[in-house]
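Encoded as structure tokens, the structure appears first; notes follow it.
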Amino acid sequence: MTIAGFFRGIHEGMINIRFSEPMHNREFQEGVRGHKWHRYYHLIASIRDLSMLGLGIAFILMKWQYAGLLAGLILMWEFSEVGQALARVKYPVMFDKGLAYERVVFMDCGRWILRGKIVYLFHVIRIMLAFGIFYTS
2 MTIAGFFRGI HEGMINIRFS EPMHNREFQE GVRGHKWHRY YHLIASIRDL SMLGLGIAFI
62 LMKWQYAGLL AGLILMWEFS EVGQALARVK YPVMFDKGLA YERVVFMDCG RWILRGKIVY
122 LFHVIRIMLA FGIFYTS
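Each step along the sequence shown adds one to the number in the numbering used here, with nothing skipped, and position 135 is 136.
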């Protein structure tokens with residue numbers, strides 16, 4: 002699940018690249034063609050798709066529990082955020098005006114923008130929550 006989340010994040014980061022971000026190649030104004038890794042876009046998209054397909058097959062064939070699934074989804078979310086940040090700003094967290102930030106959107110029900118040290122704390126909490134759920138089940 003972490004591999005699928007990581008490559009999903011990289012793919013999303015490549016698509017959402019902005020001209021002002023470090024991973025922009027300055028050749029095209031916007032979109033995936035403006036990304037430094039543009040030549041690997043189809044490979045990354047294929048790895049993302051195959052890992053999601055493999056994940057679906059694993060869910061069908063393997064015996065799993067809801068707690069393990071929840072823990073895996075939380076780790077998938079974490080690695081997706083890290084992949085997106087790496088693809089946009091070359092760091093595991095997003096930066097804007099020198100401060101770490103993260104936009105948290107829960108299915109359009111709530112939207113928060115975290116800034117500064119709380120972003121790092123949020124990453125740590127997600128990882129600890131996933132492992133806590135997994136090991137206490």
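Just so it is clear, CB atoms sit at the ideal spot from N, CA and C, and this is done for glycine as well.
Give the secondary structure of G111 by DSSP, where H, G and I count as helix, E and B as strand, and everything else as coil.
Of the three classes helix, strand and coil, the one that applies to G111 here is strand, per DSSP.
Alpha-carbon to alpha-carbon, E28 and I126:
Each residue's Cα considered, the two are about 38 Å apart.
Throw me the rounded Cβ distance for the G84 and F8 pair, which I believe falls under 8 Å.
That belief holds up - the Cβ atoms of G84 and F8 are roughly 7 Å apart, short of 8 Å.
Starting from M77 and walking both ways along the alpha helix (DSSP H), at which residues does that stretch end?
For M77, the enclosing alpha helix (DSSP H) starts and ends at 67-90.
In terms of residue numbering, what span does the alpha helix (DSSP H) encompassing F132 cover?
Looking at the DSSP string, the run of the alpha helix (DSSP H) that includes F132 is 118-137.
Is E31 buried or exposed, if buried means 16 or more other CB atoms sit within 10 Å of its CB?
When all chains shown are included, E31 counts as exposed.
Taking only heavy atoms of the ligand NAP into account, decide whether any of them is closer than 7 Å to the Cβ of F123.
Of the ligands one can find in the structure shown there are none, so the ligand NAP has no counterpart to examine.
Assign F7 to one of three DSSP states: helix, strand, or coil.
Correct three-state label for F7: helix.
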